[in-house]
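Engineer: Below you will find the structure I want to go over with you.
There are 2 protein chains.
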Amino acid sequence: MKSLSIKDIAVKANVSITTVSFIINGKAKEKSISEAVIEKVKKIIEESGYKPNQIARSLRTGHSNIIGLIVEDISNSFFSRIARLIEDKAYKRGYKIIYSSTENNIDKAKELINMFKSRKVDAYIISPIKGIEEDIQMLLDDGNPVIFFDRNLPDINTSYVGADHFDASYQSIQNFIHQGKKNIALVTTDINVKQIVERCDGYKKALEDNGIKYDDNLVLKIHFNQEEGETIDQMKKLFEQRNIDAVLFATNYLAISGLKALKQINKKIGDDFSVIAYDDHEAFELHTPGISALQQPLEEIAENVIKLILQQLSSKTKLDNQEIIIPAKLILRD
Amino acid sequence: MKSLSIKDIAVKANVSITTVSFIINGKAKEKSISEAVIEKVKKIIEESGYKPNQIARSLRTGHSNIIGLIVEDISNSFFSRIARLIEDKAYKRGYKIIYSSTENNIDKAKELINMFKSRKVDAYIISPIKGIEEDIQMLLDDGNPVIFFDRNLPDINTSYVGADHFDASYQSIQNFIHQGKKNIALVTTDINVKQIVERCDGYKKALEDNGIKYDDNLVLKIHFNQEEGETIDQMKKLFEQRNIDAVLFATNYLAISGLKALKQINKKIGDDFSVIAYDDHEAFELHTPGISALQQPLEEIAENVIKLILQQLSSKTKLDNQEIIIPAKLILRD
DNA sequence: AGGATGAGGTAAAACGATTTATAAGAAAAC
DNA sequence: GTTTTCTTATAAATCGTTTTACCTCATCCT
Chain A
497 MKSLSIKDIA
507 VKANVSITTV
517 SFIINGKAKE
527 KSISEAVIEK
537 VKKIIEESGY
547 KPNQIARSLR
557 TGHSNIIGLI
567 VEDISNSFFS
577 RIARLIEDKA
587 YKRGYKIIYS
597 STENNIDKAK
607 ELINMFKSRK
617 VDAYIISPIK
627 GIEEDIQMLL
637 DDGNPVIFFD
647 RNLPDINTSY
657 VGADHFDASY
667 QSIQNFIHQG
677 KKNIALVTTD
687 INVKQIVERC
697 DGYKKALEDN
707 GIKYDDNLVL
717 KIHFNQEEGE
727 TIDQMKKLFE
737 QRNIDAVLFA
747 TNYLAISGLK
757 ALKQINKKIG
767 DDFSVIAYDD
777 HEAFELHTPG
787 ISALQQPLEE
797 IAENVIKLIL
807 QQLSSKTKLD
817 NQEIIIPAKL
827 ILRD
Chain B
497 MKSLSIKDIA
507 VKANVSITTV
517 SFIINGKAKE
527 KSISEAVIEK
537 VKKIIEESGY
547 KPNQIARSLR
557 TGHSNIIGLI
567 VEDISNSFFS
577 RIARLIEDKA
587 YKRGYKIIYS
597 STENNIDKAK
607 ELINMFKSRK
617 VDAYIISPIK
627 GIEEDIQMLL
637 DDGNPVIFFD
647 RNLPDINTSY
657 VGADHFDASY
667 QSIQNFIHQG
677 KKNIALVTTD
687 INVKQIVERC
697 DGYKKALEDN
707 GIKYDDNLVL
717 KIHFNQEEGE
727 TIDQMKKLFE
737 QRNIDAVLFA
747 TNYLAISGLK
757 ALKQINKKIG
767 DDFSVIAYDD
777 HEAFELHTPG
787 ISALQQPLEE
797 IAENVIKLIL
807 QQLSSKTKLD
817 NQEIIIPAKL
827 ILRD
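Sequences listed follow chains A and B, in order. The opening position of the first sequence corresponds to residue 497 in this note's numbering, with each subsequent residue numbered one higher. The opening position of the second sequence corresponds to residue 497 in this note's numbering, with each subsequent residue numbered one higher.
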């Protein structure tokens, strides 16, 4: 039951290991192996179902054809959908993806990076969290391609692909204001990454540009790893106490908790209370009434991430960093 | 920039490679290495940040500490949540998970299996599809631990963990009947895997036990890879034409399409029209009214899968196959 | 005294590929 | 008729580990 090795093939074909290797790697022509031998070896490989041991191959060549993908939580639909798209596209180009979730835990993130490093992945696609700057910098220093998506770390110099979070927030607040909303709340998280900050900045700027003064009491920052029950309670308090007429949720899971909160206090979404969620979600289309959402261009993000990675992988020199910002789309429902 | 090897450590510590290896692998005591040397080497490893090259290690030992997970679609929340739980639990035991989606495509599934095989994963966790029996059998013949979850293939003899699909369907139909429903429809898929068949069987049996005759016209089988638009159209036709008063959806994505269909034809869920979805989904709790669902015990499934895998991995002999069936829970909403 | 045992270690083979350097014979060039 | 150059291939080094087999002293036993 031992699986076949290149040596077995060589013996069967009565040629050297080298010859088999050249044929497998398409270097037969270049190395001037005769047509007859190529045929014979290929036939034997075919019949025996031999597959090269990728581990041995990686050890020798130093690359694995594997790309590591690190996200916050693979069970969040934004990430799982992006992961799926990236996986698809990478797969078509001969790369496999290994993914793993950090759960916003710095130690776990560091361990994951180490594990990917010791497995010699060829490149890293990361939706980063604060606190791993040093580890990322080491990867870059060692010459590894690293690309951030969705989130960015200000202190690290590498390519980034993400939606225009600032503009998306700005747009949605504008929309609220055109509807005549006066007391617009923002529910966000306390994780300090650039894209969350930008979402807040867009909110502030839009208010300011419309002559509405920013009110700290209308902004609720939720602890990241907090129990959902507690989150819902905090939101209920916010929604009940103030005469809020619109809410922007900075992430889709916050929006979902928010909808639960609204349901519990029996507050209806409608003319006198509007919401917009950042990141679309299946539940929003289905909800009655439909929930407006800022839809991130998943397909484009995935496409650009892969494009940048492959460019870097196929280039011998370090390419210039690129920052690709893609507009988000405000989907108005009902 | 080259990363350190065990040799570098050996040179720095002025001992042999063997000695370093023994220390790294905790065999120092057993191989009677002196305390002094152990300390010295450990210190050097610590300071230099050396991490063993897992590829070389895998090549030598023949195992990778990686478990391959193959599912239909990682962006489906059932799978991504299970994946996340399995990942967590495996991680705690020192195993990493690589996952990939088959998209119900036989060729892709076969390729994935080959790719995992050539990467020498230690075990396979698979939610299988029809058509890959031979490949799976080869894995088993080669002595690889393989465990199925959620779905099962009748012709393959291996361990399985899943919910009690038959009973879950049965239960929900019973529930409809107790509510006085007469014309109960079933929307399912045409993929021919055991768990889908069992869901249908439960439906039939429950009708039969209650003296209602099975009507083929009340059962809609949706093609797997069909456009959602078409699916919705078919459902609209079903829901409009007949005086159906209850529907059981055999998967959560079918339920979501079904809810969209109902919304489009403006049919309300309520006393005269009930639905139950197989597999819970975030959207169902949020929906107004809440959508009843058969909740699969994700945590228990993941726990059992990992338990079986680790048992098999740590045993030298092939263990007996186990079939672990866990009851699903009917969550009634509104 | 001579053999057995243990302590503390190391050299070298092995895992399965890729790749560099080279060989043997035929054809071409001078 | 040598020397060069192709053609067709191969031997051996290499990647970074683990592991087997062995070595050298010192001590213990009888």
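Don't be surprised by glycine CBs; every beta carbon is placed ideally from N, CA and C. No experiment lies behind these values; they were computed from the predicted model shown.
(1) Pick helix, strand or coil for A:Ser753, following the three-state DSSP scheme.
(2) Which partner residues does A:Ser788 have in the DSSP bridge list?
(3) Among B:Met611, B:Ile578 and B:Leu565, which one has its Cα closest to the Cα of A:Lys551?
(4) May I ask you to list, following chain order, the residues of the region 580–603 of chain B that have a beta carbon less than 9 Å from some beta carbon of chain A?
(5) What are the partner residues of B:Ile566, as DSSP defines its beta bridges?
(6) Do A:Asn817 and A:Ser655 have their C-beta atoms within less than 8 Å of each other?
(7) Look at B:Ser770 and B:Lys626 and say whether their C-beta atoms are less than 8 Å apart.
(8) For the beta strand (DSSP E) containing A:Ile821, list its first residue and its last residue.
(9) In whole angstroms, give me the CA-to-CA distance for A:Ser832 and B:Thr685.
(10) By how many angstroms is the C-alpha of A:Leu608 removed from the C-alpha of A:Gly564?
(11) Please classify B:Gly658 as buried or exposed, where buried requires at least 16 neighbouring CB atoms within 10 angstroms.
(12) Distance, Cα to Cα, B:Gly698 vs B:Ile802?
(13) Do the region 736–756 of chain A and the region 692–712 of chain A meet, that is, are 3 or more Cβ pairs less than 8 Å apart?
(14) Show which residues of chain A have a CB atom less than 7 Å away from the CB atom of B:Arg577.
(15) In three-state DSSP terms, what is B:Val689?
(16) In the structure shown, what three-state DSSP assignment does B:Ile673 receive?
(17) When we look at the beta-carbon of A:Asp775 and count the other beta-carbons within 10 Å, is it buried (16 or more) or exposed?
(18) Helix, strand or coil, according to DSSP, for B:Tyr656 in the structure here?
(19) Quick one: is B:Tyr595 buried, meaning 16 or more other Cβ sit within 10 Å of its Cβ, or exposed?
(20) Please list, in chain order, the chain B residues whose beta carbon lies closer than 7 Å to that of A:Pro548.
(21) For A:Ala664, which of helix, strand or coil comes out of DSSP?
(22) Can you tell which of B:Leu794, B:Asp705, B:Ile652 and B:Lys538 has the C-alpha that lies nearest to the C-alpha of B:Met634?
(23) I want to verify the contact list: residues of chain B whose CB lies under 8 Å from the CB of A:Ala532, in sequence order.
(24) Taking all protein chains shown into account, decide if B:Arg829 is buried (16 or more other Cβ within 10 angstroms of its Cβ) or exposed.
(25) Got a sec? Which residues, its chain only, sit under 6 Å from B:Gln808 by beta carbon, not counting five neighbours each side?
(26) Looking at C-alpha atoms only, which residue of B:Gln722, B:Ile541 and B:Gly590 is the closest neighbour of B:Val516?
(27) Give a yes or no on whether 8 Å exceeds the smallest Cβ distance from A:Ile752 to chain B.
(28) Between A:Met731 and chain B, is the shortest Cβ-Cβ distance under 8 Å, so that the two count as touching?
(29) Taking Cβ-Cβ distances shorter than 8 Å, what residues in chain A pair up with B:Asn610?
(30) Would you mind working out which of A:Ile593, A:Tyr620, A:Tyr591 and A:Lys616 sits nearest A:Ala605, comparing C-alpha positions?
(31) Please list the partners that A:Glu778 has in chain B, where partner means a Cβ-to-Cβ separation under 7 Å.
(32) Anything in the region 502–529 of chain B with a Cβ closer than 9 Å to a Cβ of chain A? List those residues in chain order, please.
(33) Any idea if B:Tyr710 is buried or exposed, counting beta-carbon neighbours within 10 angstroms, 16 or more meaning buried?
(34) For B:Gly754, which of B:Gln792, B:Val683, B:Ala798 and B:Lys508 has the nearest alpha-carbon?
(35) For A:Lys733, count neighbouring Cβ atoms within 10 angstroms of its own Cβ and tell me buried if that reaches 16, exposed if not.
Structural biologist: This is what the structure gives:
(1) DSSP, reduced to helix, strand and coil, places A:Ser753 within a helical segment of the structure shown.
(2) DSSP, once it has assigned bridges, lists A:Ile772 as partnering A:Ser788.
(3) Per the sequence presented here, residue 551 of chain A reads as Ile, with Lys not at that position. Of all alpha-carbon atoms in B:Met611, B:Ile578 and B:Leu565, the one lying nearest the alpha-carbon of A:Ile551 is that of B:Met611.
(4) Within the region 580–603 of chain B, the qualifying residues are Arg580, Leu581, Glu583, Asp584, Tyr587, Lys592, Ile593, Ile594, Tyr595, Ser596, Ser597 and Glu599.
(5) B:Ile566 pairs with B:Ser596 and B:Ile622.
(6) Against a cut-off of 8 Å, the Cβ pair of A:Ser655 and A:Asn817 comes out as a contact.
(7) Not a contact, by the Cβ cut-off of 8 Å.
(8) Residues Glu819 to Ile822.
(9) Residue 832 of chain A lies beyond the range of chain A shown here (497 to 830); nothing can be said about it.
(10) Using only the alpha carbons, I get a separation of about 9 Å.
(11) Classification for B:Gly658: buried.
(12) If I take the Cα positions, the gap works out to 28 Å.
(13) By the Cβ rule, the region 736–756 of chain A counts as touching the region 692–712 of chain A, because three or more pairs are nearer than 8 Å.
(14) Chain A residues near B:Arg577: Ser571.
(15) Of the three classes helix, strand and coil, the one that applies to B:Val689 here is coil, per DSSP.
(16) Three-state DSSP puts B:Ile673 in a helix.
(17) The residue in question, A:Asp775, is buried, as its Cβ has 16 or more Cβ neighbours within 10 Å.
(18) Three-state DSSP puts B:Tyr656 in a strand.
(19) Buried, by the Cβ-count rule.
(20) Within 7 Å of the CB of A:Pro548, the CB atoms of chain B belong to Ser614, in sequence order along the chain.
(21) It is helical.
(22) Distances from the CA of B:Met634 to each of B:Leu794, B:Asp705, B:Ile652 and B:Lys538 were compared; the closest alpha carbon is that of B:Ile652.
(23) Listed along chain B is no residue with a C-beta nearer than 8 Å to that of A:Ala532; the closest approach is about 28 Å.
(24) The residue is exposed, with fewer than 16 neighbouring Cβ atoms inside 10 Å.
(25) Counting only Cβ-Cβ distances below 6 Å, and skipping sequence neighbours, we find Pro641 and Leu815.
(26) Residue B:Ile541 is the option with its Cα nearest to B:Val516.
(27) Answer yes: the Cβ-Cβ gap between A:Ile752 and chain B drops below 8 Å somewhere.
(28) Chain B contact via Cβ: absent.
(29) Here the neighbours are Lys547.
(30) Taking only the C-alpha atoms, the option nearest A:Ala605 is A:Tyr620.
(31) Within chain B, the residues near A:Glu778 are Ile752 and Ala779.
(32) Cβ contacts with chain A: none found.
(33) Looking at its Cβ environment, which holds fewer than 16 other Cβ atoms inside 10 Å, B:Tyr710 is exposed.
(34) Taking only the C-alpha atoms, the option nearest B:Gly754 is B:Val683.
(35) Burial state of A:Lys733 is exposed, judged by a 10 Å Cβ sphere holding fewer than 16 other Cβ atoms.
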